[in-house]
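Student: Quick one: this structure, given as structure tokens, is what I'll be asking you about.
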Amino acid sequence: MKFSFNTFFGFEQDLIAHPEAAIFGAMFVPLLLMIPIALIGWIFRKLKLNMYIIHALLYTLMFTFVLGSVAMLILFFITDKNGIKLGYCWLAILIGMFTFSIVNTNTITKMFTDWSKIIKEKDQSHR
Numbered sequence: 226m227k228f229s230f231n232t233f234f235g236f237e238q239d240l241i242a243h244p245e246a247a248i249f250g251a252m253f254v255p256l257l258l259m260i261p262i263a264l265i266g267w268i269f270r271k272l273k274l275n276m277y278i279i280h281a282l283l284y285t286l287m288f289t290f291v292l293g294s295v296a297m298l299i300l301f302f303i304t305d306k307n308g309i310k311l312g313y314c315w316l317a318i319l320i321g322m323f324t325f326s327i328v329n330t331n332t333i334t335k336m337f338t339d340w341s342k343i344i345k346e347k348d349q350s351h352r
């Protein structure tokens, strides 16, 4: 059995008939996946377990939603509107964002922590 780029996990017919489904999925799959992962993260935090992989997954979904949606919209309007190609492009974006997030989770978390401190300091100085 050889691999073919004309297949996409059994969704070929749907993506060929409705290429805009790839755009819909690119926008809403990360949002829908953030909810259970955030819930698992809340449980991990209460149990005082390591949050590294949870943070990496949440950053992956956040960046995929923001940057992946923009990239998918650009590809949808510029290319030939092939849903299978769009699906593979979104999968490549997701894998790239996951790799970036795994490598930089500590830096991103520190950035958000520092921003939180700055916002609290500014809030305290305005009172």
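Residues in the sequence shown are numbered consecutively from 226, following my numbering. All C-beta atoms, glycine included, are put in the ideal place defined by N, C-alpha and C. Quick caveat, the model's predicted, so the values are computed rather than measured.
Check whether the Cβ atoms of K306 and P244 lie closer than 7 Å to each other.
Tutor: The count along the sequence shown starts at 1 and reaches residue 306 at position 81. The count along the sequence shown starts at 1 and reaches residue 244 at position 19. Yes; because the gap between Cβ atoms is below 7 Å, this pair is in contact.
Student: Out of curiosity, what's the CA-to-CA distance linking G276 and V291?
Tutor: Here residue 276 is taken as the residue at index 51 of the sequence shown, counted from 1. Here residue 291 is taken as the residue at index 66 of the sequence shown, counted from 1. Looking at the sequence shown, residue 276 is not Gly but Met. Distance between the alpha carbons of M276 and V291 is about 22 Å.
Student: Which residues mark the beginning and the end of the alpha helix (DSSP H) in which D339 is found?
Tutor: The sequence position of residue 339 within the sequence shown is 114, counting from 1. Its alpha helix (DSSP H) spans residues 308–350.
Student: For P255, does the three-state DSSP call read helix, strand or coil?
Tutor: Residue mapping note: residue 255 aligns to position 30 of the sequence shown, counting from 1. Looking at P255 - three-state DSSP - the assignment turns out to be helix.
Student: Am I right that L311 and F301 are in contact with their C-beta atoms under 8 Å? What's the rounded C-beta distance?
Tutor: In the sequence shown, the residue the question calls residue 311 occupies position 86. In the sequence shown, the residue the question calls residue 301 occupies position 76. 6 Å between Cβ atoms; contact.
Student: What does a CB cutoff of less than 7 Å around I279 pick up in its chain, not counting 5 residues either side in sequence?
Tutor: Your numbering for residue 279 matches position 54 in the sequence shown. Excluding residues within five positions, the ones whose Cβ falls inside 7 Å are I262, I265, G266, F269.
Student: Can the beta-carbon of I248 be found closer than 7 Å to that of M322?
Tutor: Residue 248 sits at position 23 when you count from the first residue of the sequence shown. Residue 322 sits at position 97 when you count from the first residue of the sequence shown. No. Outside cutoff.
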